[in-house]
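In full-length UniProt numbering, the protein residues as written are 1 to 192. Down below is the structure, laid out as structure tokens.
Written out as structure tokens, the structure is:
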């Protein structure tokens, strides 16, 4: 239901599943396994897989910590978006990459739930995309020492509020890994 014209396709976004970003993440291995399943499914269904990789003063581009986890391997033809802000659209060519592929609907996975995932979801919705959060394919580390709830509560709350997120002509929504499809006419759990 995107507001972007002539954008019938769905893409999988894999955000910041980098060594240092997920080193201490809640359910790291389970989330990465779900993302790997989604990457394989998107490829099998011919959907674009777009990889997003963060760098900043604490995550130096080219370092081992900056690299994607070894369990996830980007295909040579799959776009890689380099970013330095939470929202994957800010000062990147993500919008252009999606436009070239006719994408109006995003399936969002990765890390960190309470930072780059939330920022990208909201960034997508305000730019006209439908944005589905995969409820069991995003994670964050424990920030409770800084006053945040435990990571499982952060994840659950994000899933709860994003399931109902809407804007004129656009939808949020959530789905579990097993429910996600990329082809036309695919069911869209929690989206209406």
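Backbone N, C-alpha and C define an ideal beta-carbon position, used for all residues, glycine too. As the structure is a computational prediction, the values presented were derived from the model and not from experiment.
Query	Result
Nonlocal neighbours in the same chain, by C-beta distance under 6 Å from residue 182, ignoring five residues either side	10, 42, 45 and 47
Local conformation of residue 130 per DSSP, three classes	strand
Bounding residues of the alpha helix (DSSP H) (the contiguous stretch that carries residue 158)	151-162
First and last residue of the uninterrupted beta strand (DSSP E) at residue 193	Residue 193 is absent from the structure shown; the chain starts at 1 and stops at 192.
Where residue 26 sits in the DSSP three-state scheme	coil
Unbroken alpha helix (DSSP H) run spanning residue 95, endpoints	94-100
Collapsed DSSP secondary structure at residue 136 in the structure displayed	strand
Closest residue to residue 23 among 49, 77, 59 and 79 (Cα-Cα distance)	59
Option in 124, 172, 139 and 18 with minimal Cα separation from residue 62	18
With 16 other Cβ atoms within 10 Å as the buried cut-off, status of residue 84	exposed
Simplified DSSP state of residue 10, which is helix, strand or coil	strand
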